[in-house]
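Note that the protein sequences, when read in sequence, are chains A and B.
In terms of this note's numbering, the first sequence is residues 3 to 350.
In terms of this note's numbering, the second sequence is residues 3 to 350.
Even for Gly, the Cβ is constructed at its ideal location relative to N, Cα and C.
Note that the structure is a prediction, hence the values are computed from the model and not measured.
Here the structure comes first, spelled out in structure tokens, and everything after it is commentary.
There are 2 protein chains.
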Amino acid sequence: MTTKRPTIDDVARLSGVARVTVSRVLNGGPNVRDEVRARVMQAVETLAYKVNPQARSLAGGASRLLAFVFASDPENEPNSYYESALELGALRACLALGYQVLVQNVPQQTPDHQKRILDLITTQRCEGLILSPPYSDDVALIEAALAQGCKVVTVSPGGPGRGKADGVGVDDEAGGYDMTRELLRLGHRRFGFIAGLEGHLSADRRLQGFRRALAEQGLGEGDCVVLRGDFTFRSGTRLAPELLDHPLKPTALVCANDDMAAGVLSAAHARGLSIPQDLSITGFDDAPVAGIVWPPLTTVHQPVKVLGQRAVELLVARLTGVNVSDAAIFDELEHAVVTRQTTTAPHL
Amino acid sequence: MTTKRPTIDDVARLSGVARVTVSRVLNGGPNVRDEVRARVMQAVETLAYKVNPQARSLAGGASRLLAFVFASDPENEPNSYYESALELGALRACLALGYQVLVQNVPQQTPDHQKRILDLITTQRCEGLILSPPYSDDVALIEAALAQGCKVVTVSPGGPGRGKADGVGVDDEAGGYDMTRELLRLGHRRFGFIAGLEGHLSADRRLQGFRRALAEQGLGEGDCVVLRGDFTFRSGTRLAPELLDHPLKPTALVCANDDMAAGVLSAAHARGLSIPQDLSITGFDDAPVAGIVWPPLTTVHQPVKVLGQRAVELLVARLTGVNVSDAAIFDELEHAVVTRQTTTAPHL
DNA sequence: AGTGCAATTGGAAGCGCTTCCATGGAGGCG
DNA sequence: CGCCTCCATGGAAGCGCTTCCAATTGCACT
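Listed below in structure tokens is the structure:
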């Protein structure tokens with residue numbers, strides 16, 4: 003049996019003040035005597051009173067609801083670490099800040115994906131929107147949301163997305179560069195690169211970093227073969243043969259994320275190659291899979307959970323007016339090359 | 003600039019009816035003429051009106067909010083397929099049914115975890131609670147939630163949880179049995195088993211099935227060595243040596259989930275074993291990792307996403323009074339042994 | 001003593017929706 | 001033809017909270 007829950011009026015009655023005063027205390031408002039504040043808190047305590055968030059939203063005109071949109075097709079990759087970790091980070095920050103987040107998966111193939119996302123905002127009354135790649139570079143979407151009065155934060159915007167809205171991410175270009183530098187240092191001169199999906203601009207920046215590192219050594223298009231995957235393990239296994247059989251005979255395969263690198267690794271095993279003796283392989287993200295495959299994968303670490311957390315923090319800062327600067331701010335977090343056991347000097 | 007959103011009164015005015023009538027149309031209420039219904043829907047359309055869920059909750063006394071509680075420590079395993087997939091399934095069902103779900107991670111180590119979960123319900127006004135293992139067997143928690151008037155559905159309850167509340171799951175005992183039968187058929191007679199965490203009763207049922215299959219062949223405690231892990235990849239690698247160096251010399255290692263099996267596989271590689279020639283390994287769940295490791299893992303498939311989805315459906319059925327039977331119902335879904343490449347006949 | 005202002009409190013009016021109850025007309029039946 | 005019931009609709013009263021504005025008090029300053 004649910005016994006009726008105490009309301010703000012119960013608290014007001016018990017503490018002998020008016021309802022507004024309780025409201026003020028609850029919301030940390032100014033101009034309340036300490037003695038009164040304590041009395042109210044006491045009443046809240048004894049009644050085990052909790053504000054009704056629905057009523058608060060209705061009256062206050064603020065839903066305290068955020069939406070986090072992902073693009074992956076959940077049918078294929080329910081386990082993508084990248085997205086789970088972003089979500090987890092966001093969830094935590096929300097808990098701490100008293101917000102709620104609606105997680106939505108809108109595959110980019112969906113014909114009306116932009117409408118779907120905007121509808122989500124209106125239907126659920128979301129005040130803020132967090133966009134993960136590739137939506138983080140969908141300028142039209144960002145502007146449409148902004149036009150509705152919904153604040154926006156992008157995660158790993160690749161270029162166009164920046165400046166339109168606040169964002170978080172790592173320096174993907176530098177990550178690709180650093181990883182490639184390491185391979186060059188080991189002596190590799192012929193490379194394969196598995197890029198991510200078209201339109202994922204931040205992932206493409208990893209490729210740009212890769213090319214920059216090559217160029218610094220006087221290497222160019224003729225010294226590498228670049229293919230495009232879709233970030234899944236399966237696309238790694240699918241693309242591996244083409245890379246391995248290429249006349250260039252690459253000695254190192256650089257992948258735009260860990261899942262594809264794991265796929266390449268698996269394909270390499272399948273054709274009897276010894277890793278890393280016969281082939282060096284690198285990933286990006288430092289997802290758990292990097293430690294699970296054999297041998298453990300050399301990769302570029304990025305703090306994905308923190309990315310999700312910071313995204314929420316930036317959004318809430320905008321919503322609460324803590325951050326009122328006109329300029330979009332971009333919060334760039336640290337990345338780091340993590341050397342494990344899929345990289346070594348090429349044998350001659 | 004956010005232009006003021008249309009309210010139910012705007013719709014009422016435009017369609018020339020009273021507010022209540024619009025409400026009735028929106029909620030599929032009876033006793034509305036088709037002509038009026040059409041007129042209202044037309045107005046809804048032209049105004050692009052969406053109900054305000056906060057107001058609806060406040061007035062209707064129903065929040066349409068569910069809570070999905072997980073126990074894993076997110077610090078370690080942000081990627082656990084099992085939980086991500088449950089969540090995804092739940093999210094989808096909610097979208098379809100017009101509910102919202104709050105996903106919460108409450109590590110079991112948390113001293114006051116029961117209070118935390120119950121607080122979540124009261125604070126957020128959740129009407130329904132979905133409990134994943136091991137909370138699905140926490141009878142005290144289930145009863146406390148029920149006592150608050152919150153409906154409960156358990157995912158993979160192991161025993162005590164059943165009957166207290168509705169539940170979904172597969173027949174874990176049969177899954178363990180089937181997998182073991184397959185190994186026995188291949189000729190294995192000496193086994194290792196890596197069980198899951200204490201208190202995860204549904205995972206323990208896999209062990210019981212394993213034992214039953216052994217017993218059927220006249221094998222017993224002397225023919226197997228059983229260790230307990232914590233479902234993580236790392237615990238698989240940690241426990242593997244003890245199993246492999248055991249005087250019994252097991253030829254097959256059965257694991258209570260895929261991550262631990264992947265860990266065992268990795269440890270086996272590390273000591274130079276050929277899989278499956280030198281050792282057969284099996285998992286449970288059929289998570290993506292089962293297809294990612296090399297060689298791909300033989301395991302027991304369970305439809306995790308569907309589990310999450312069914313859980314929400316059961317919960318909503320209770321909440322909306324579709325299901326009013328006193329008896330708790332348990333929805334048992336199909337499992338299946340998936341033979342990949344980590345199992346073969348033992349060599350002599 | 002008079003004026004002004006800040007601090008503290010409360011009254012009242014909704015936020016947008018649903019629920020309860022009343023109303024009026026259409027049909028059923030003896 | 002009167003009485004009862006059923007259907008379709010509307011009026012009014014809140015759900016529990018916040019926001020706006022008014023009221024009261026105390027106190028510094030002239």
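{"Item": "Straight-line Cα distance separating B/I10 from B/G293", "Value": "52 Å"}
{"Item": "First through last residue of the alpha helix (DSSP H) which encompasses B/T182", "Value": "D174 to L188"}
{"Item": "Where the alpha helix (DSSP H) through A/D36 begins and ends", "Value": "D36 to L49"}
{"Item": "Selection of the segment 138-151 of chain A by Cβ proximity to chain B, strictly under 9 Å", "Value": "A149, Q150 and G151"}
{"Item": "Chain A contact residues for B/T235, given Cβ-Cβ distances below 8 Å", "Value": "For the record, residue 235 of chain B in the displayed sequence is Phe; it is not Thr. Neighbours of B/F235 on chain A, chain order: P290, G293 and I294."}
{"Item": "Residue range of the unbroken alpha helix (DSSP H) whose run includes B/E85", "Value": "Y83 to L99"}
{"Item": "Residues bridged to B/Q102 (per DSSP)", "Value": "B/L67"}
{"Item": "B/L241 versus B/I196 - alpha carbon distance", "Value": "8 Å"}
{"Item": "Cβ pair B/G238, B/G265 closer than 7 Å", "Value": "yes"}
{"Item": "Element boundaries [alpha helix (DSSP H), containing A/R230]", "Value": "Where A/R230 is concerned, there is no enclosing alpha helix (DSSP H), although the beta strand (DSSP E) it sits in stretches over C226 to R230."}
{"Item": "Proximal residues, the segment 263-293 of chain B versus chain A, C-beta separation under 8 Å", "Value": "A264, G265, L267, S268, H271, A272, A289, P290, V291 and G293"}
{"Item": "Where the alpha helix (DSSP H) through B/L267 begins and ends", "Value": "D260 to A272"}
{"Item": "For B/W296 and A/G274, the rounded distance between their alpha carbons", "Value": "11 Å"}
{"Item": "Environment of A/T344 [buried if 16+ CB atoms lie within 10 Å]", "Value": "buried"}
{"Item": "Contact list for B/N54 against chain A, beta-carbon separation under 8 Å", "Value": "L60 and R127"}
{"Item": "Spatially closest choice to B/P298 from B/K307, B/I283, B/G224 and B/R312, by CA coordinates", "Value": "B/I283"}
{"Item": "Amino acids of chain A, ordered along the chain, whose beta-carbon sits closer than 8 Å to that of B/S65", "Value": "Q56"}
{"Item": "Pairwise C-alpha distance: A/G201 and A/Y137", "Value": "9 Å"}
{"Item": "DSSP state of A/G211 mapped onto helix, strand, coil", "Value": "helix"}
{"Item": "Pairwise C-alpha distance: B/L90 and B/V227", "Value": "36 Å"}
{"Item": "Interface residues of the segment 104-120 of chain A facing chain B [CB-CB below 9 Å]", "Value": "L104, V105, Q106 and N107"}
{"Item": "Extent of the continuous beta strand (DSSP E) to which B/V256 belongs", "Value": "A254 to C257"}
{"Item": "Contact the segment 149-160 of chain A vs the segment 121-133 of chain A: 3+ CB pairs below 8 Å", "Value": "yes"}
{"Item": "For A/R183 and A/P348, the rounded distance between their alpha carbons", "Value": "14 Å"}
{"Item": "Endpoints, the alpha helix (DSSP H) within which B/A242 is located", "Value": "F235 to L246"}
{"Item": "Length of the line joining the Cα atoms of A/S1 and A/V105", "Value": "Here chain A comprises residues numbered 3 to 350, so residue 1 of chain A is not present and cannot be evaluated."}
{"Item": "Own chain residues within Cβ distance below 8 Å of B/L49, not counting five before or after", "Value": "P8, D12, V13 and L16"}
{"Item": "Within-7 Å CB hit, B/T124 to chain A", "Value": "yes"}
{"Item": "Through-space distance from A/L185 to B/P1, alpha-carbon basis", "Value": "Past the boundaries of the shown model lies residue 1 of chain B; chain B is included only from 3 to 350, so the question cannot be answered."}
{"Item": "Whole-angstrom distance between A/R312 and A/M262, CA atom to CA atom", "Value": "27 Å"}
{"Item": "Three or more C-beta pairs below 8 Å linking the segment 90-103 of chain B and the segment 29-45 of chain B", "Value": "no"}
{"Item": "Under the three-state DSSP convention, the category B/D168 falls into", "Value": "strand"}
{"Item": "Exposure of A/S86, with buried meaning 16 or more beta-carbon neighbours within 10 Å", "Value": "buried"}
{"Item": "C-alpha distance - A/V318 paired with B/G30, whole-angstrom precision", "Value": "37 Å"}
{"Item": "Where B/A338 sits in the DSSP three-state scheme", "Value": "strand"}
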